[in-house]
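By our numbering, the letter at position 104 of the sequence shown is numbered 97, and the numbering carries on one by one without gaps. Beta carbons: idealized from backbone N, C-alpha and C, even for Gly. As structure tokens, the structure follows; a few thoughts come after it.
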Amino acid sequence: MTNTERHLIFGAKGWIAGLLAELLQKQGKEVKGVTIRLEDREAVLKELDEYKPTRVYNCAGVTGRPNVDWCEDNKEATIRSNVIGTLNLADATFLRGIHMTNFATGCIYTYDEKHQFHGVGFTEEDEPNFTGSYYSYTKGLVEKIIKQYSNVLTLRLRMPVSDDLNPRNFVTKITKYERVVDIPNSNTILYDLLPAALAMAEAKLTGVYNFTNPGAISHNEVLAAYKKHVDPNFAWKNFSLEEQAKVIKAGRSNCELDTTKLTTALAKLGVKVPEVHEAYDLCFQRMAKHLKDGTAHSW
Ligand SMILES: NC(=O)c1ccc[n+]([C@@H]2O[C@H](COP(=O)([O-])OP(=O)(O)OC[C@H]3O[C@@H](n4cnc5c(N)ncnc54)[C@H](OP(=O)(O)O)[C@@H]3O)[C@@H](O)[C@H]2O)c1
């Protein structure tokens, strides 16, 4: 990569944006983060014309606070950011001939007859079959449209995990729930996958990729590994999907994604991503060190 490379991150105050900016800085890259609203076409185009980025990353979007249930009651705001805004950025970068990496979600699937626990994972070609939350519904719709843009790389994250106990971390969330379900899922360990995202952006890959560690891991397996490496006193209680449905407004996606397309592409770039159980063991070992040293996720 030459010195003229400039990386522009939208959604700069968000969790994933912060980790990405830190990683780019550590790699010695020129990076700028902005909080411009994605749907503000004039401001977006102005920024592209002034900063002249060679790579754009979309880390902006509404995920809901305290959780995605928020989107059920705020559908227009969800559409404004996750549909209009995301498509606006794709279109603006297309018009200016700039590669865009879109941090999207794999929470658009749910296990079905063909895709059972520890069976066949959903591929990038499978039609989204989960619309149980408005958040997932809009993300599935946008993906279908955005994949027509020849400059866009869409990365489908699931239940992202950092090496610290940031409140956005999937592990932090499930360690704080009163009860958790126990279902195998694909997870994105950010320590492994954010460097992979940069390698893919650098190679100007486009199209849709399932963006998780290979394999699926259940909540209980995650929590058992957390207990082993991080907090020996940790205890948790399970409940069923039916019981969970009584305490949440929108449904939640549970699924395994097929990572063949991702691992094949990464192999060509010389990047290896560990299987999810191994990845969690390594992540929790780093987390234990961070907790001991009083430090946050770092590269
Ligand atoms: N964390 C997860 O569990 C998860 C899982 C899968 C995929 N993802 C996806 O990854 C992306 C980043 O997630 P994250 O966890 O880093 O989220 P986050 O911490 O909530 O950050 C998102 C950022 O986007 C900004 N934003 C929202 N709407 C915007 C708009 N229209 N224009 C500009 N900025 C806007 C927010 O700013 P304001 O607060 O000022 O609006 C916030 O700073 C999201 O698209 C999300 O769907 C996340």
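Under the three-pair Cβ rule at 8 Å, the stretch 108 to 115 does not count as touching the stretch 59 to 70.
The continuous beta strand (DSSP E) containing N203 extends over residues G200 to N203. In this structure, the C-beta of P160 stays at least 6 Å away from each heavy atom of ligand 1. Around the Cβ of F227, a 10 Å sphere holds fewer than 16 other Cβ atoms; the residue is exposed.
C-alpha of P177 to C-alpha of V27: approximately 36 Å in a straight line.
Beta-bridge analysis with DSSP links K25 to L1.
K282 and T47 have their alpha carbons spaced roughly 36 Å apart.
Assignment of V55 by DSSP, reduced to helix, strand and coil, places it in the coil class.
When C-alpha distances from T252 are compared across L191, Q237, Y219 and L148, the shortest belongs to L148. Between V269 and G208, the C-beta spacing is below 7 Å.
Distances from the alpha-carbon of R30 to those of I9, E236, G54 and K45 put G54 closest. Where T94 is concerned, the enclosing beta strand (DSSP E) starts and stops at H92 to T98. With respect to the C-alpha of C52, the residue from N81, T86, A5 and K39 having the closest C-alpha is A5. Between T205 and L134, the gap from beta carbon to beta carbon reaches 7 Å or more.
Contact check for Y50 and L13: beta-carbon distance about 6 Å, within the 8 Å limit, so the pair qualifies. Beta bridge pairing from DSSP links N231 with V173.
Only residues of its own chain outside the window of five on either side were considered, and among them V173 and L216 have a CB closer than 7 Å to the CB of W229, listed in chain order. Remark: C-beta atoms of L16 and L186 do not approach each other more closely than 7 Å. With contacts defined as CB atoms closer than 7 Å, D62 and A243 qualify as a contacting pair. Straight-line spacing of the CA atoms in I139 and Y130 works out to 14 Å. Annotated three-state conformation of L250 is strand, per DSSP.
In the structure shown, N75 falls within a helical segment according to DSSP collapsed to helix, strand and coil.
Per DSSP, R149 is one residue of the beta strand (DSSP E) stretching across V145 to L150.
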